[in-house]
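Let me begin by presenting the structure, written as structure tokens, before commenting on it.
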Amino acid sequence: MVRGGAEVELLEPHIRKANSWENATAFIGNQPGGYKLLFSFKPSYHGPNEIMLDDVSFENCGEADVPTGSDQLSCDFENDSCSWYHDKTASISWERTKRIELDPTRKGYYMLIEATYKLNISSAARLVSFPQPAGQICVSFWYHIFGNSIGTLKFIAKHPGEPETLVWMRSGTQGNKWRFADLTFNSDKPIQFIIEAVVGGTQGSIAFDDIAVSRTNGSCAPERECTFQGSLCGLQPSAHFGWNRITGTSQPLNSSGPTVDHTLGTEQGYYLSAQLWSHPVGSRGAMITATMEPTPPDGECLMFWYYMEGRGVGNLSVHLQSPDGHRKSQKLWDRSGDQGKHWRHGRVTLFSPDTPYQVIFEAIAGDGPRRDIAIDDLTVLNGACPPAG
Ligand SMILES: [Ca+2]
Ligand SMILES: [Ca+2]
């Protein structure tokens, strides 16, 4: 491919000394206009001395065209980017790399962009899927967004002939760790996915890996990580009153609740607050998860962060129950009273291999006038929690 003075090699077919026509295909991708294709041949002493070319055709150039074998969207990026292709009209490209400085515990290849002072902050990289048939599609992936001045990772969906829709987004540093995301798509039209990173700053990186795309007739797994940035993640109010999704800036002065959330550590980050100061002493506020599929045989580990500051703050507990009431609600964890002026980590093993289950977070109002209890960053991982220590 020739653009201006620059040449990029697309394909070097292995030419056998066969006295017959061979078929070859080169992937061009969606390119900005203005390129030319060049066929060249360097004769050698040992190779064939006559080369002929015929029947050059372009395929799958329409927006809704789907090449066969383009449904390999589950990808660990160890060998290539599977059926995902680079949007060459974007200003930068995702890089497939196995550099370990992001996280030495994550072995193997992943996709990366890095912010540097040389890049325009609006530069974006896009990885695109071909349109997938209509239906219920479950998508999950791991991502890592870290740096003092870093932009945004977006998951975008598109129906052919329609504008793009932003489905999921994380902006700014998410801490130096890999996080998990899962999404559900219920589409009655073919659907295309786009993974876009916007540089957004001058220092930091955005990476993703291990994307899984599957079809189901039932429902996708419920979301396994909840930062409360965009939603309540399916949690519903229960008991006397529900909790509220708020930011530190909206905490009133008469509350001992946190001024920053746990995910971002900022006043703009969302968390879930029971706002106990506004409810009578001894009243109970609870949030209950959507119904979860039975756990693996060795259980699951629910990790969360909680904030309880001040004497008479009250009590926080975590319960497991079956949605049809077959099993009595089972208390897995609780804390009472002052736990200090910072977010603390909690974890419980969820064990329900035979029946679906729900988890309940319950706060009971203490007698401190400024009482509040908050939670943030719920994560569910397969397997029992590791022992404490
Ligand atoms: Ca990988
Ligand atoms: Ca949060």
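Take the sequence shown: its letter number 382 is residue 382 in my numbering, and every next letter is one higher.
Each residue gets a CB set at the ideal place from its N, CA and C atoms; glycine is no exception.
If you're wondering where the values come from, they're calculated on a predicted model, not measured in any experiment.
In the DSSP assignment, what residue or residues form a beta bridge with residue i?
| i | result |
| --- | --- |
| S149 | Q203 |
| I121 | None; I121 has no bridge partner. |
| P237 | M287 |
| N382 | E300 |
| H144 | A207 |
| Q321 | Q358 |
| G346 | F304 |
| F193 | A157 |
| D376 | W305 |
| C220 | DSSP, once it has assigned bridges, lists no residue as partnering C220. |
| A363 | G285 and L316 |
| N19 | DSSP output for N19 lists no bridge partner at all. |
| V311 | A small fix is needed here, since residue 311 is Arg in this sequence, not Val. Paired residue(s): none; R311 is not in a bridge. |
| F185 | I137 |
Quick one: grab the DSSP three-state call for residue i.
| i | result |
| --- | --- |
| T249 | helix |
| A26 | coil |
| I100 | coil |
| W178 | coil |
| R3 | strand |
| G135 | strand |
| S214 | strand |
| R370 | coil |
| L316 | strand |
| Q31 | coil |
| L127 | strand |
| T165 | strand |
| R327 | coil |
| T116 | coil |
| D334 | strand |
| S231 | coil |
| N254 | coil |
| E225 | strand |
| V8 | coil |
| S40 | coil |
| S171 | strand |
Please determine whether the Cβ atom of residue i lies at a distance below 7 Å from any heavy atom of ligand 1.
| i | result |
| --- | --- |
| Y143 | no |
| G175 | no |
| F77 | yes |
| D209 | yes |
| G108 | yes |
May I ask whether a heavy atom of ligand 2 can be found less than 7 Å away from the beta carbon of residue i?
| i | result |
| --- | --- |
| G346 | no |
| Q229 | yes |
| G314 | no |
| D377 | yes |
| L235 | no |
| Y271 | yes |
| L232 | no |
| D372 | no |
| L264 | yes |
| D261 | yes |
Inside the stretch 259-287 only - beta strand (DSSP E) runs reaching at least 3 residues:
270-273
Touch test, the stretch 300-320 against the stretch 352-372, Cβ-Cβ under 8 Å, three pairs minimum
When C-beta atoms of the stretch 300-320 are compared with those of the stretch 352-372, three or more pairs fall below 8 Å, so the two segments count as touching.
Would you check if the stretch 251-264 and the stretch 371-382 touch, i.e. whether three or more CB-CB distances between them fall below 8 Å?
yes
Would you call the stretch 262-276 in contact with the stretch 323-339, where contact means no fewer than 3 C-beta pairs closer than 8 Å?
no
Between the stretch 177-184 and the stretch 63-79, are three or more C-beta pairs nearer than 8 Å?
no
4 or more residues per run - each alpha helix (DSSP H) lying fully within the stretch 43-111
none
Three or more beta-carbon pairs under 8 Å between the stretch 140-149 and the stretch 198-218, yes or no?
A contact exists between the stretch 140-149 and the stretch 198-218.
The stretch 91-98 in contact with the stretch 119-126 per 3-pair CB rule at 8 Å
The stretch 91-98 is in contact with the stretch 119-126.
Are there three or more Cβ pairs, one per stretch, closer than 8 Å when the stretch 380-388 is compared with the stretch 301-314?
yes
Would you be able to state if there are at least three C-beta pairs under 8 Å between the stretch 362-371 and the stretch 277-286?
The stretch 277-286, when compared against the stretch 362-371, does touch it at the 8 Å Cβ threshold.
Flag this pair as touching only if the stretch 169-176 and the stretch 239-251 have three or more C-beta atom pairs under 8 Å; answer yes or no.
no
Do three or more CB pairs link the stretch 39-53 to the stretch 183-195 at distances below 8 Å?
no
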